[in-house]
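In what follows, a single structure is set out as structure tokens and then discussed.
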Amino acid sequence: MRKIPVLLCLFLMLASGLWAAGTAEDSGTVTIEFFQQKREVVDLFDELIADFEAKNPGIKVEQVHVADSGQVLMSRLASNDVPDLLTHWPNNTDYITASLEGYFLDLTDSPVAENAIQNIIESITLENGKNYCVPVSINTQGIFYNKALFEEYGLEIPKTWDEFVALCREIKGMGKLPLIFPDGTAWTLSQQLRMLLALDLDGYSLIRDVKAGKADARDNQDLRAMAEKLLFLRQFGQKNSLGTSYEQATFEFATGKSFMFWQGIWAIPSINKANPDLSYSMFPLPAKAGRETRVEYGVDLGLVIGNKKDAAKVEAAKKFVSYITSTEVAQRYADVDGSPSAIQGVKFNSDISAPLVDMVQQSKSFRNIRYLYAPGGNGRADTGTQQLILDSDVDAFLAELNYIFGKPE
Amino acid sequence: MRTQNSLYRIAIYAVLITGVLIILFPLYITLITSLKTPQESARSFFALPGTLYLDNFASVVTKAHYFTYFLNSIIVTVVSLTCEMIVVPLFAYAVSRNSNKKYYRIIYLLTIFGIFVPFQAVMLPTIKLLSRTNLLSITGLILMYVTYTFKKGAFLFVGFLQSVPRELEESAYMDGCTITQSYRRIVFPLLQPMIATMIVIDGLWIWNDFLLPLLVLNKNSMQWTLQLFQFQFKNQYSFDFNLAFASFLLSMLPMIILYIFMQRFIISGITRGAVKG
Amino acid sequence: MPRTYSKAENRTYVLYTIPTLLLYGLLFIFPLILGVYYSMTDWNGISQAQNFIGLENYRNLFSDKRVVNSLVFSFKYAVSLVLIVNFLAIALGLMMDSKIKFQNTFRSLYFFPAIISLVVVGLVFDQIFYHVFPRFGEFFDIEIFKTNMLGNRDTVFWAVLFVSIWRETAVPTVLILAGLQTVPVEYIEAAVLDGASYVTRLRKIIFPFLVPVLSMNLVLTVKSGIMVFDVIKAMTGGGPGMTTESIGILIYKKGFQEYQFGMASSLSFLLLAIIAVISFVQIYALKKKEVGQL
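Taken in sequence, the protein lines are chains E, S and L. So the first sequence is numbered by my numbering: it starts at 41 and just counts up by one. So the second sequence is numbered by my numbering: it starts at 1392 and just counts up by one. So the third sequence is numbered by my numbering: it starts at 43 and just counts up by one.
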């Protein structure tokens, strides 16, 4: 009779003991969780964190990088479990939705953000006038090209859309592969979608009109032409592009399988890792005839602090943000990442993305359009665009765009 | 007649061996690829490796905290099974010895009902609840496994116990034993084959499960199990598929070794559980 | 006639049921009720407020083409899996049960896939489909193998199904093999003496004894087919497009990615209803068979 309650107690103790072990913390040190969503810079952050911890003995930073980070973050927010510190993309509607729901710390005019370039902060300030993100670096996208191959075959960088298509035809005519498409990875497709939405048509007013119920994506001829352009380009890609993932395509481009690769500058660290000897550079994707060629810009690494009651953690997180946004550390980050910095006084040293970055600096650029999507629109844009590549059903795709843009029912 | 018979037999061997080759092919690819450098794979993909190149394994083990994940998997599996074997037979014993009472009939029906509910139906609110109660951790995962093995376990244990005659317990009572004593001395030993079966079935499930760790443990990389680690590893090192295959092999290895030594026990456990269920 | 228990004994019995019931109530029944509530709201998953909208999510389920697509996929998948796996299991079981050498070795090898986790199986095959099959395709000049089968809408279903079959045939085969041991040798010998053909023996003697095992296999494969998640998550994530979006994958995507938590909850209760119906049909059919057997 005595033994069973003892067993029960043991069981409960075991459970609660493990539980306590999971939450207990050394007094004196503050541990903050850094939910880091950019896979390309995990290694770099490990180094930066080690340096930070050496300089701030009272603080420990745990970098957490997971696959499916978007879903994980969403399920954690669903239960009010916001990370102490995280990276996010301020043009992403998921970020905007969560910000407006109060999950993130309001950083409007906060001294934490004082090192960041004011223009960039303004560009990501939400419609309610608030800002929840400290921008660290900027991204843009365009066409990577293999310099060695271009020189070997005497190819020129195209200035117009027609020249671009002619170039693709020429390479294909030589029996080589002009472009490699990572269509197996759905987000790379919505990345192309959002680029064309702003490059080839005035997507901004169109999305606003669709949202207001004043327009229908299915009736828009420019959208139709854009969808057809996405499909048209596939003839210059590898066979069965949906079978190639982002990682595989990056690797194939880095090892010289294709002449060009449409991707964001965030792929630079991965390309360098896959083939440190590759000689490559970038040029902007030309706009369709009659429109000026411009490039997209958006915040690539944005630091966001969880809106938490634990003041010690918030303070520690702020300290880490200040450290990362110091000119010296931001410079180190920019040099490895190959991205232009959003921090004042940081020099841009990467010649690979220089042609695009120059355009951003000359304001021949537009803001990443996806901040206008409806909540959840990001995920639907991924699946929807991949479905377009799969079945070439332009009508179904345009109907899906109505959802993505948030057309009232 | 004789030649026809041996023709049959040859055909049977041919089919069975083809099947074995299909089963072993992925393992062969995994093994040889993990032992090669990318250059060697590019030269001859299917050939055996020329030299034993072990750097892939070394980088998985050193770079990726392999042993932490291995240990986590062990802890999750062992603790879940231990807890299950403590609490579930107790429940089943109480229910099977009181099947004439309303309370026990209701709770038993409620449990059986759970078997029909797919996990995905309660997935979203469960995760929300675990998160609210600060249980997105190994502890929470273990509690989930005890809960989910309970449903089917209760069904199997109750079925088993109802077939065990009560005379022994009655006579133990005459000798002055309490319920707890007769459970410990008489009933629990009788349950051993059933417990062995459940350990195999639930152990295989818990060790290999991916969905629950994905939902519960994704928060903290130091708490990942081997299966979850695989999924993450795919993301980060997929440029180097030799490395990826090395990690696949390392995560299969514990089970393969266990299987080599305990295959009879494992197979008979699975069959017994299925026939009873 | 069992004796009546004393008060203390009754208390002990009740105490025995407490730990599991606590867990079960907290981690299963409570979320289930919570889920019913969410399925009747328009909650996006993270907003502080939500509106009660009654059964609207359920009404909207069937007008959502992705939901319909996932239902069609899951059914097609489950039916194919059930048919192929059970056919293979019976065929392999019978072959292994015939008088051959190395019977135990074959059994061990055929059971092997069951010990490997589905997610690792999926990841290994993901690499194999990209790196290995195209080499076969080039070598033997077979068009469909030449590119990654997971990226082609005509082949991705079969590619994913193949991997599931590779893994899921193991347990049913071993169960059939065990079931065959329960067939009394005398019956078979008598039938052989009577000159009954192999097919007749199979129909009249062997299959009746296999009924319990067959229905067990059916339960196993139907459930793993309808609820498929791991292997798809590891290989295609539901893609390309929505080609391999099973119900499970769609619940995960809608719930955690597309801010339709309420809708996803209602979809999960649709899945519950489907599983319940299938289970009851199986139990009913099984009862009938057993009576018929006597």
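Virtual Cβ for every residue (Gly too), placed ideally from N, Cα, C. Since this is a predicted model, take the numbers as computed values, not measurements.
Residues near THR63(E) in its chain [Cβ-Cβ closer than 6 Å; skip 5 each side]:
Legend: pLDDT at THR63(E) = 48, less than 50; position of this residue unreliable, no value from coordinates given.
Can you tell me the Cα-Cα spacing of THR1421(S) and ASN1633(S), whole angstroms?
C-alpha separation (whole angstroms): 9 Å.
Could one say the Cβ of GLY1441(S) lies closer than 8 Å to chain E's Cβ atoms, at least one of them?
By the rule that beta-carbons nearer than 8 Å mark a contact, GLY1441(S) does not touch chain E.
Does PHE204(L) get closer than 8 Å to chain E when you measure Cβ to Cβ?
No - not a single Cβ of chain E is within 8 Å of the one on PHE204(L).
Alpha-carbon to alpha-carbon, SER139(E) and ASN408(E):
Spanning the two alpha carbons is a distance of roughly 18 Å.
For MET1392(S), count the other beta carbons within 10 Å of its own beta carbon; 16 or more makes it buried, fewer makes it exposed. Which is it?
With a pLDDT of 48 at MET1392(S), under the threshold of 50, the modelled position of that residue is not reliable, and no figure is offered here.
Alpha carbons only, please: which of MET138(L), TYR326(L), LEU69(L), THR59(L) is nearest the one belonging to THR1530(S)?
In terms of CA proximity to THR1530(S), LEU69(L) leads the group MET138(L), TYR326(L), LEU69(L), THR59(L).
Helix, strand or coil: how does DSSP classify HIS128(E) here?
Of the three classes helix, strand and coil, the one that applies to HIS128(E) here is strand, per DSSP.
From the DSSP output, read off the bridge partner residues of SER432(E).
SER432(E) is not bridged by DSSP to any residue.
Name, please, each residue of chain E whose Cβ falls closer than 7 Å to the Cβ of ARG1576(S).
For ARG1576(S), there are no neighbours in chain E by C-beta distance under 7 Å, as the nearest C-beta there is about 11 Å away.
Beta-carbon neighbours of ARG1523(S), restricted to chain E and to distances below 9 Å
When 9 Å is used as the limit between beta carbons, ARG1523(S) is near these residues of chain E: SER119, ASN120, ASP121, in chain order.
Three-state class that DSSP yields for THR180(E) in the structure shown
Collapsing the DSSP output to three states places THR180(E) in coil.
Sorted by chain position, which residues of the same chain lie with C-beta nearer than 6 Å to PHE311(L)'s C-beta, five sequence neighbours on each side aside?
So the list reads SER81, once near-sequence residues are dropped.
Could you work out which residue in VAL78(L), SER89(L), LEU113(L), MET191(L) is closest to LEU97(L) when comparing CA atoms only?
Answer by Cα proximity: VAL78(L).
Locate the beta strand (DSSP E) running through LYS100(E), then write down its first and last residues.
LYS100(E): member of the beta strand (DSSP E) spanning 99-104, first to last residue.
So which residues on chain E does LYS1519(S) lean against when the C-beta distance must stay under 7 Å?
Within chain E, the residues near LYS1519(S) are ALA118, SER119.
Since GLY1664(S) and THR1569(S) should fall inside the 8 Å C-beta cutoff, what is the C-beta to C-beta distance between them, to a whole number of angstroms?
Not a contact, Cβ separation roughly 31 Å.
First through last residue of the alpha helix (DSSP H) which encompasses VAL163(L)
Looking at the DSSP string, the run of the alpha helix (DSSP H) that includes VAL163(L) is 160-173.
Between the beta-carbon of SER230(E) and the beta-carbon of ASP422(E), is there less than 8 Å?
In this structure, the beta-carbon distance from SER230(E) to ASP422(E) falls below 8 Å.
For MET82(L), decide whether its Cβ has a neighbour in chain E, counting only Cβ atoms nearer than 8 Å.
Interface flag for MET82(L) against chain E is unset, since no Cβ pair is found closer than 8 Å.
Whose C-beta lies closer than 6 Å to the C-beta of LEU241(E) among residues of the same chain, with five residues either side of it excluded?
Exclusion of the five residues before and after LEU241(E) leaves ASP262 as the residues of its chain whose Cβ lies within less than 6 Å of its Cβ.
Taking 8 Å as the threshold, find out whether the segment 191-199 of chain E comes into contact with the segment 319-332 of chain E through three or more Cβ pairs.
Yes: the two stretches touch, three or more of their Cβ pairs being nearer than 8 Å.
If you draw a straight line from the C-alpha of GLY57(E) to the C-alpha of ARG116(E), how long is it?
Summary for GLY57(E): the model assigns pLDDT 48, below 50, so the residue's position carries little reliability, and this model does not support an answer.
Rank GLU355(E), SER362(E), LEU239(E) by C-alpha distance to the C-alpha of GLY330(E) and give the top, closest one.
That would be LEU239(E), whose Cα lies nearest to the Cα of GLY330(E).
Within a Cβ cutoff of 8 Å, which residues of the same chain sit near LEU282(E), ignoring the five residues on either side of it in sequence?
For LEU282(E), where only same-chain residues beyond five positions count, the Cβ hits under 8 Å are ASP223, GLY224, GLN426, ILE429, LEU430.
Just mark GLN335(L) as buried or exposed, buried being the case when its beta carbon has 16 or more other beta carbons within 10 Å.
Residue confidence is low: GLN335(L) scores 41 on pLDDT, short of 50, so the model does not pin down where it sits. Its coordinate-derived value is still stated next. It is exposed - the Cβ of GLN335(L) has fewer than 16 other Cβ atoms within 10 Å.
Name, in chain order, the residues that DSSP records as bridge partners for THR83(L).
Partner(s): PHE94(L).
Rounded to the nearest angstrom, how far is the Cβ of GLY342(E) from that of VAL174(E), given a contact under 8 Å?
The pair is a contact, with the Cβ atoms about 7 Å apart (cut-off 8 Å).
Only counting the same chain, and skipping five residues up and downstream in sequence, which positions put a Cβ closer than 7 Å to that of PHE104(L)?
Cβ-Cβ distances below 7 Å link PHE104(L) to VAL110 in the same chain, with the five nearest sequence neighbours on each side left out; the list follows chain order.
When you compare only the Cα positions, how much space is there between MET269(L) and LEU1603(S)?
When the Cα atoms are used, MET269(L) and LEU1603(S) turn out to be separated by approximately 14 Å.
Beta-carbon neighbours of ILE342(L), restricted to chain S and to distances below 7 Å
As shown, chain L starts at 43 and ends at 336. That puts residue 342(L) outside it, with no answer to give.
Contact list for PHE1579(S) against chain L, beta-carbon separation under 8 Å
Going along chain L, no residue has its Cβ under 8 Å from PHE1579(S), so there is no contact; the nearest lies around 12 Å.
Any contact of the segment 281-291 of chain L with the segment 207-223 of chain L, i.e. 3+ C-beta pairs under 8 Å?
The answer is no - the segment 207-223 of chain L does not touch the segment 281-291 of chain L, with fewer than three Cβ pairs under 8 Å.
Look at the Cβ atom of LEU151(L), then the Cβ atom of VAL1411(S), and state whether they are nearer than 8 Å.
In this structure, LEU151(L) lies near VAL1411(S), with their beta-carbon atoms less than 8 Å apart.
Backbone CA spacing between TYR1539(S) and LEU1426(S) [nearest angstrom]:
TYR1539(S) and LEU1426(S): Cα-Cα distance of roughly 39 Å.
At which residues does the alpha helix (DSSP H) containing TYR55(L) begin and terminate?
According to the DSSP assignment, TYR55(L) belongs to the alpha helix (DSSP H) that extends over 49-66.
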